[in-house]
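Everything below concerns the one structure shown next.
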Amino acid sequence: MVARPVTVLTAATALLLGAAGSLAPAASAAPTSPAASCAEPEPGRTPELRAAETVGMDPAAVSAAVSFGAQHLAHAVQIYRHGCLVGQHLATSEIAMPLASGSKGVAAVAIGRAVTLGYLGIDDPLATYFPEADPAHGRITVRQILNQTSGMAFTWPTDIASTAAGTSVHDALTAPIAAEPGTTFLYAQNVLVLLAEIISRTTGTDFLDFLQREVMGPIGIERSSWRWTEDPSGHAMVSGGLSMRPSDLARIGRLLLQNGRWENRNLIDPAYIEAATTPSSANGGYGFLWWLNAGESYRSVDVPARLRTRRVFPGLPEDTYAFSGALGQFAVMIPSLDMVIVRLGVPDTFDPADPFSFLTGTSNPNNTELFGKAVAAVTDR
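Mapping of the sequence shown onto mature numbering (1 follows the signal peptide of the UniProt record, and there is no 0): residues -29 to -1, 1 to 352, in sequence order.
Have a look at this one:
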């Protein structure tokens, strides 16, 4: 594997590169306004690279942040502001990389699209879509699955065996009920297959086909650039089977920062995004399969979940939220700064006081430091 250099443009180098016909064409030379923004990238095209200072960021600080990520085993780091790519590190050419539990975040976006189209409601009980469910499971709502408060018992061995056998839907609908739905956070895995199954049943379309037609395609992500592992029965492994290119993951982040709009199309109802970024009473750091910085404390992914008396991402703005996956797979969205930060790779350290958090990537202190460095590069706050 050949390491790629860190890429950060200043206004001067952007002009030079434009004149030379290299990274940036002359037409995209840096404007003088710090409020510059970039157009939504065309399908299959790489995002527009802009000089950091044109979007209110210090280029030296951006470079330091990206270099820090590269030094700490990130295979990909991309920093975006106002839709513009201002710095990146790619250890290889841009290829689809596994998101692990970051996949959950994309599944929540798919549900948001289905809700927007009127196929389902987040407070609908499972009985609406699974007539075979018994009364105890049938009263669990879509919202409770999304915020991981379904109350269904969870163990890793059981879920792994269920996925391997291809019986995940049946097993989720017959799992023991360990807590009153809506009261207790438990970082479950297998139960999330019900979200994909609801989309399939209500739309008459395979979940992955729906995702491409209604989410990926409209924002310019080609079907050949992502893949989602399926179990032996053909069910997408919603909890962690998606692989995507870093810039495509950033497109989804941008869609959310634009309140669900892309090219003047309303793909995701803003009310859904607001609900998804609102923590439940059971966990101040978790929304609809997205980790939130809203709460001053949060429940971890331990079984049972332990209370952590700090924010998920200390030092970052309180409106920060993220798709987060094992070993450090992240798409971090910061609405107040109009920023998206993508970090994919492996860890080089972890917090021994919080080892289970490696399952969401939050236990590596270097991840939070990377995001903090990127935020500190903003000069117009």
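Glycine residues also receive a C-beta, built at the ideal position from the N, C-alpha and C atoms. These numbers were taken from a predicted model, which means no experiment stands behind them.
Q: Tell me whether the beta-carbon of L330 lies closer than 7 Å to the beta-carbon of V272.
A: Residue 330 sits at position 359 when you count from the first residue of the sequence shown. Residue 272 sits at position 301 when you count from the first residue of the sequence shown. Judged by their CB atoms, L330 and V272 are nearer to each other than the 7 Å cut-off.
(Q) Here's the rule: buried if 16 or more other CB atoms are within 10 angstroms of the residue's CB, otherwise exposed. What is S195? (A) Locating residue 195 in the sequence shown gives position 224, counting from the first residue. The residue in question, S195, is exposed, as its Cβ has fewer than 16 Cβ neighbours within 10 Å.
Q. Are G316 and G299 closer than 7 Å when you measure CB to CB?
A. What you label residue 316 is simply residue 345 of the sequence shown in a count that begins at 1. What you label residue 299 is simply residue 328 of the sequence shown in a count that begins at 1. Their beta carbons are under 7 Å apart, which means G316 touches G299 by this criterion.
**Q.** Beta-carbon proximity of S295 to T280, cut-off 7 Å
**A.** Sequence index remark: in the sequence shown, residue 295 carries index 324 (1-based). Sequence index remark: in the sequence shown, residue 280 carries index 309 (1-based). Judged by beta-carbon spacing, T280 lies beyond the 7 Å limit of S295, meaning their Cβ atoms are not closer than that value.
Q) When burial is assigned at 16 or more other CB atoms within 10 Å of the CB, is L226 buried or exposed? A) Taking the first residue of the sequence shown as position 1, residue 226 is located at position 255. Taking all protein chains in view, the Cβ of L226 is crowded by 16 or more other Cβ atoms within 10 Å, so the residue is classified as buried.
**Q.** Straight-line gap, V346 to E24 (C-alpha atoms, nearest Å)
**A.** Along the sequence shown, read from residue 1 onward, the residue named residue 346 stands at position 375. Along the sequence shown, read from residue 1 onward, the residue named residue 24 stands at position 53. Spanning the two alpha carbons is a distance of roughly 14 Å.
(Q) Can you look up N254 in the DSSP assignment and give me helix, strand or coil? (A) On the sequence shown, position 283 is the one that residue 254 refers to. The answer is strand: DSSP assigns N254 an E or B state.
Q.
For V270 and H53, what's the separation of their Cα atoms in angstroms?
A. Translated into positions along the sequence shown, residue 270 becomes position 299. Translated into positions along the sequence shown, residue 53 becomes position 82. Sequence check: residue 270 is Arg here, not Val. Cα to Cα, R270 sits roughly 32 Å from H53.
(Q) Taking 7 Å as the limit between beta carbons, can you name the residues of its chain near E151, skipping five residues before and five after? (A) Within the sequence shown, the letter at position 180 stands for residue 151. The beta carbon of E151 lies closer than 7 Å to those of G122 in the same chain, with the five residues before and after it left out.
Q. Under the rule that 16 or more other beta-carbon atoms within 10 Å means buried, what is N235, buried or exposed?
A. As a working mapping, residue 235 is identified with position 264 in the sequence shown. Label assigned to N235: exposed.
Q) How many Å lie between T174 and R184 at the Cα? A) The count along the sequence shown starts at 1 and reaches residue 174 at position 203. The count along the sequence shown starts at 1 and reaches residue 184 at position 213. Between the C-alpha atoms of T174 and R184 there is a straight-line separation of about 12 Å.
Q | Coil, strand or helix - G73 by DSSP | A | On the sequence shown, residue 73 is found 102 positions in, with the first residue counted as 1. Three-state DSSP puts G73 in a helix.
Q.
Please list the terminal residues of the continuous beta strand (DSSP E) segment that includes H60.
A. If you number the sequence shown from 1, residue 60 lands on position 89. DSSP places H60 inside the beta strand (DSSP E), whose first and last residues are C55 to L61.
Q: Using the DSSP secondary-structure output, state which residues sit across from N235 in a beta bridge.
A: To locate residue 235, count along the sequence shown from 1; it is residue 264. Beta bridge pairing from DSSP links N235 with no other residue.
Q. Do three or more CB pairs link the region 32 to 41 to the region 55 to 63 at distances below 8 Å?
A. Cβ pair count under 8 Å is three or more, so yes.
Q. Do the region 102 to 116 and the region 188 to 207 touch if we need at least three Cβ pairs shorter than 8 Å?
A. At 8 Å Cβ cutoff, the stretches do not touch.
Q) Between the region 335 to 352 and the region 71 to 88, are three or more C-beta pairs nearer than 8 Å? A) The region 335 to 352 is not in contact with the region 71 to 88.
Q: Can you tell me which of the three DSSP states A(-6) falls into?
A: Looking up residue -6 in the sequence shown gives position 24. At A(-6) the pLDDT is 31, less than 50, meaning the model places this residue with poor confidence and gives no usable figure here.
Q: State the Cα-Cα distance for the pair A10 and V209, rounded to the nearest angstrom.
A: Translated into positions along the sequence shown, residue 10 becomes position 39. Translated into positions along the sequence shown, residue 209 becomes position 238. If you take the alpha carbons of A10 and V209, they lie about 31 Å apart.
Q.
Quick check on DSSP: helix, strand or coil for A(-19)?
A. For the purposes of this step, residue -19 is identified with residue 11 of the sequence shown, where counting begins at 1. Because the pLDDT of A(-19) is 49, which lies under 50, any placement of that residue in the model is unreliable, and the number read from its coordinates should be weighed accordingly. Note: A(-19) maps to helix in three-state DSSP.
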